[in-house]
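In UniProt numbering, the protein residues as written are 1 to 691. Glycine included, each C-beta is placed from N, C-alpha and C at the ideal position.
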């Protein structure tokens with residue numbers, strides 16, 4: 001009979017950990033939190049020292065009963081929830097929910113679900129760390145008072161179903177501020193001027209860029225200025241004044257933290273932050289691998305540390321030596337020095353075993369899981385490799401008193417780039433054709449003047465928003481994905497082609513929050529709050545002190561807002577569909593299953609119908625609109641709006657272009673356009689969108 005009970009958070013870990021520990025151990029899962037603040041009320045006694053009132057989460061009664069049964073049989077109980085504040089708090093709640101006061105209770109943590117890590121954690125069992133618990137309690141209580149005191153004001157003044165949050169409101173403000181910058185931006189004209197020259201004895205011409213005069217660097221602001229320079233150089237002699245050879249190194253990237261993983265997965269794999277975290281959780285908890293059973297493929301996924309354990313460091317050095325050679329090994333440890341507090345008990349996200357190469361387990365992983373594992377594996381291997389080395393050449397060319405420059409680089413040693421390249425690494429190489437020196441004879445071919453305009457700041461994407469939140473010190477690794485998911489679900493923002501745009505509703509909520517609760521949406525205030533929460537974790541700040549300093553100001557602001565804020569009406573978005581019962585233009589409403597069309601004449605007219613997104617392409621069979629639809633299982637397809645009368649349907653998005661061979665529609669497939677008639681087989685490249 002099992003003598004020891006190990007309680008983990010996720011049922012997915014149970015089988016794996018049981019296999020590592022053997023017959024003396026029973027392993028059970030708490031399935032996340034077992035106690036929380038009540039949903040129906042604030043749950044914090046603001047009159048008596050801000051004491052939180054915890055209750056058993058609905059539906060967890062049976063689970064707790066079965067855990068209590070096992071607790072009675074066990075000699076020792078090991079609480080093995082996740083290795084962060086949240087995990088520590090779950091262990092603390094379990095301690096009280098299971099009445100473990102008279103039992104031998106130990107807290108264990110492991111950064112990866114491997115046999116050695118789990119066994120090792122038992123040797124370093126400790127007590128529950130109340131500083132970590134209190135840091136989580138402080139965060140939970142602050143989030144609760146902000147959400148439960150401010151959301152009802154949004155319901156009363158704007159409309160029901162809205163919410164405010166300590167971190168989500170700041171994230172919304174950051175997006176709105178960027179939108180304001182974009183709207184206020186006035187483009188300025190500038191010109192570039194290139195000169196194409198032939199080098200005597202070389203086939204390939206060279207292209208040099210305008211730099212300025214012999215006295216100073218200067219830009220070109222207008223066509224007139226560009227024309228003036230070109231006219232002044234008619235018949236001028238072009239001479240090579242200086243050729244400098246040098247070298248440049250490009251350091252290996254750091255291994256992933258939660259934030260950098262979310263950013264890179266968004267850029268490279270087009271994953272949302274939520275999807276990245278879901279897949280990373282699966283990789284951490286364990287995947288079935290032939291011959292090994294269920295194994296955790298990566299270390300813990302919520303971390304802002306770039307530290308790597310000595311064992312992993314040694315394994316990486318050995319692996320790189322064996323597969324790539326001695327010269328590819330990094331000479332020194334690439335460690336991030338970070339001024340702000342980082343949860344350094346954690347490691348960076350890395351594979352649990354480098355010998356489990358992505359290609360070897362590709363067949364056993366679903367496509368997206370494989371792509372994310374491969375990204376993590378490659379990034380970690382690259383982070384332990386030597387820098388890439390380039391030979392650089394910079395050339396200064398003079399014509400009269402004007403200077404043109406030319407820069408080129410050639411890779412001498414690929415280093416980490418033999419394994420991993422980022423988007424910005426791909427255009428690094430710019431080879432200079434032929435040999436150029438002070439004696440080279442140059443012959444003028446032509447000028448290439450181009451007009452440009454300064455560009456406004458880019459719209460946020462999920463990746464750049466995560467980077468902004470991290471740089472500003474708002475939220476923590478575990479909060480980025482839920483924050484973005486919440487403001488998307490509340491329809492404060494919308495996503496189009498990766499870009500994030502603020503909706504009218506988002507603008508109204510942000511304006512109201514800035515007017516009534518300026519401190520809540522203040523970036524510095526929120527970042528400072530994170531620092532205070534870190535202080536609780538370190539044991540230098542009492543958690544209730546933070547709450548008692550925060551709550552009275554919030555309470556006063558809420559009372560003032562209830563009295564002073566004016567109500568705002570947001571009109572529903574009109575569609576071009578006409579209600580067949582009463583002739584009014586139908587409006588787009590939002591329900592639990594997404595958007596639908598409703599008659600604005602409610603309650604006299606109760607007509608509703610499904611809303612389909614038109615793609616601006618006519619049906620080739622009947623000429624009506626093609627719309628985007630979804631199957632019962634959620635798979636996207638494109639069909640005629642007049643279904644079932646017209647049965648046109650395709651899985652890929654029609655482009656609106658017709659096939660030049662057979663006249664049928666061309667469909668979008670990746671970066672290609674293909675004819676919908678497979679017999680025809682016509683394919684062409686998709687026109688590239690201008691950046």
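For this session: Return yes when the Cβ of residue 114 is within less than 9 Å of the Cβ of residue 353, no when it is not.
Result: Yes. Within cutoff.
Exercise. Considering only residues of the same chain and omitting the five flanking positions on each side of residue 164, which have a CB-CB separation below 7 Å?
Worked result: For residue 164, the CB contacts under 7 Å within the same chain, skipping 5 residues up- and downstream, are 146, 147, 150, 151, 154, 513 in chain order.
Exercise. Excluding five sequence neighbours on each side, which residues of the same chain lie with their C-beta closer than 8 Å to the C-beta of residue 30?
Worked result: In chain order, 7, 8, 9, 63, 67, 81, 90, 94 place their CB closer than 8 Å to the CB of residue 30, counting only its own chain and leaving out the 5 sequence neighbours on each side.
Exercise. Among 441, 107, 5, which residue has its Cα nearest to the Cα of residue 201?
Worked result: Taking the Cα of residue 201 as reference, the smallest distance to any Cα among 441, 107, 5 is reached at 441.
For this session: Kindly list the residues whose CB is nearer than 8 Å to the CB of residue 372, restricted to its own chain and excluding five residues on each side of it in sequence; keep chain order.
Result: By the criterion of a C-beta distance shorter than 8 Å, residue 372 is surrounded in its chain by 265, 269, 271, 276, 279, 280, 283, once the five residues flanking it on both sides are discounted.
For this session: Could you tell me the boundaries of the alpha helix (DSSP H) in which residue 134 lies?
Result: Here the alpha helix (DSSP H) through residue 134 covers 130 to 157.
For this session: List the endpoints of the continuous beta strand (DSSP E) containing residue 197.
Result: If you look at residue 197, you'll find it in the beta strand (DSSP E) that goes 189 to 199.
Problem set entry | Under the three-state DSSP convention, the category residue 694 falls into | Since the first residue of the chain shown is 1 and the last is 691, residue 694 is not available in this structure.
Exercise. Is it the case that the Cβ atoms of residue 483 and residue 167 are separated by a distance below 9 Å?
Worked result: Using a Cβ distance threshold of 9 Å, residue 483 and residue 167 count as a contacting pair.
For this session: With a threshold of 16 other CB atoms inside 10 Å of the CB of residue 229, please say whether the residue is buried or exposed.
Result: Under this definition residue 229 is a buried residue.
Exercise. Looking only at DSSP bridge pairs, what is residue 394 linked to?
Worked result: The partner list for residue 394 (beta bridge, DSSP) reads 244, 407.
For this session: Using 10 angstroms around the beta-carbon of residue 435, count the other beta-carbons present and answer buried if the total reaches 16, otherwise exposed.
Result: Residue 435 is classed as exposed because its beta carbon has fewer than 16 other beta carbons within 10 Å across all chains shown.
Exercise. Is any heavy atom in the ligand ADP found nearer than 8 Å to the beta carbon of residue 620?
Worked result: Here there are no bound small molecules, and the ligand ADP is not part of this structure.
For this session: Would you please state the rounded distance, in angstroms, between the beta carbons of residue 520 and residue 465? I believe it to be under 8 Å.
Result: Not really, about 19 Å apart at Cβ, beyond 8 Å.
Problem set entry | Closest residue to residue 385 among 361, 221, 415 (Cα-Cα distance) | If we check each option's Cα against that of residue 385, 415 comes out closest.
For this session: Kindly indicate which three-state DSSP category residue 631 falls into: helix, strand or coil?
Result: Looking at residue 631 - three-state DSSP - the assignment turns out to be coil, as it is neither helix nor strand.
Exercise. Does the separation of the CB atoms of residue 598 and residue 625 fall below 9 Å?
Worked result: A distance of 9 Å or more separates the beta carbons of residue 598 and residue 625.
Exercise. According to the Cβ coordinates, are residue 517 and residue 195 closer than 9 Å?
Worked result: Not a contact, by the Cβ cut-off of 9 Å.
Exercise. Exposed or buried, which one is residue 338 when buried takes at least 16 other CB atoms within 10 Å?
Worked result: For residue 338, the pLDDT reaches just 44, beneath the cut-off of 50, and the residue's location in the model is therefore unreliable, leaving the point undetermined.
For this session: Could you round the C-beta distance between residue 380 and residue 351 to whole angstroms and report it? I think they count as a contact, below 8 Å.
Result: Yes, they are in contact, since the Cβ atoms of residue 380 and residue 351 sit about 6 Å apart, within 8 Å.
For this session: Out of 576, 312, 451, 250, point me to the one whose CA is closest to residue 422's CA.
Result: For the residues 576, 312, 451, 250, the minimum Cα distance to residue 422 belongs to 250.
For this session: Answer yes or no: do residue 226 and residue 193 have a C-beta to C-beta separation smaller than 9 Å?
Result: Less than 9 Å divides the Cβ of residue 226 from the Cβ of residue 193.
Problem set entry | Three-state secondary structure assigned by DSSP to residue 281 | The answer is helix: DSSP assigns residue 281 an H, G or I state.
Problem set entry | Nearest candidate by alpha-carbon position, reference residue 665, set 645, 638, 642 | Cα-wise, what sits closest to residue 665 is 638.
Exercise. Can you tell me the Cα-Cα spacing of residue 46 and residue 552, whole angstroms?
Worked result: Rounded to the nearest angstrom, the two C-alpha atoms are 9 Å apart.
Problem set entry | Cβ neighbour criterion (16 or more within 10 Å) applied to residue 347 | Residue 347 comes out buried.
For this session: Report the rounded CA-to-CA distance for residue 681 versus residue 646, giving the unit in angstroms.
Result: Approximately 25 Å, taken between the alpha carbons.
Exercise. Is the Cβ-Cβ distance between residue 648 and residue 620 less than 9 Å?
Worked result: Between residue 648 and residue 620, the gap from beta carbon to beta carbon is short of 9 Å.
Exercise. For residue 383, is the classification buried or exposed, using 16 other Cβ atoms within 10 angstroms of its Cβ as the cut-off for buried?
Worked result: Classification for residue 383: buried.
Exercise. Is it buried or exposed for residue 262, if we count other Cβ within 10 angstroms and need 16 for buried?
Worked result: It counts as buried.
Exercise. Would you say residue 39 and residue 76 are within 9 Å of each other, going by their C-beta atoms?
Worked result: No, Cβ-Cβ distance for residue 39 and residue 76 is not below 9 Å.
For this session: Check each candidate in 575, 291, 556, 511 and name the one with the smallest Cα separation from residue 157.
Result: Here the closest residue by C-alpha is 511.
Exercise. Between the Cα of residue 699 and the Cα atoms of 52, 562, 504, 88, which residue gives the shortest distance?
Worked result: Residue 699 falls outside the range modelled here, since the chain spans only 1 to 691, and no answer is possible.
Problem set entry | Delimiting residues of the beta strand (DSSP E) encompassing residue 529 | That residue, residue 529, is in no beta strand (DSSP E); its alpha helix (DSSP H) goes 523 to 538.
For this session: Tell me, please, which residues DSSP counts as bridged to residue 638.
Result: The partner list for residue 638 (beta bridge, DSSP) reads 628, 650.
Exercise. How do the region 396 to 404 and the region 359 to 370 stand: do at least 3 beta-carbon pairs fall below 8 Å, yes or no?
Worked result: Taking one beta carbon from each stretch, the region 396 to 404 and the region 359 to 370 have fewer than 3 pairs nearer than 8 Å; the two do not touch.
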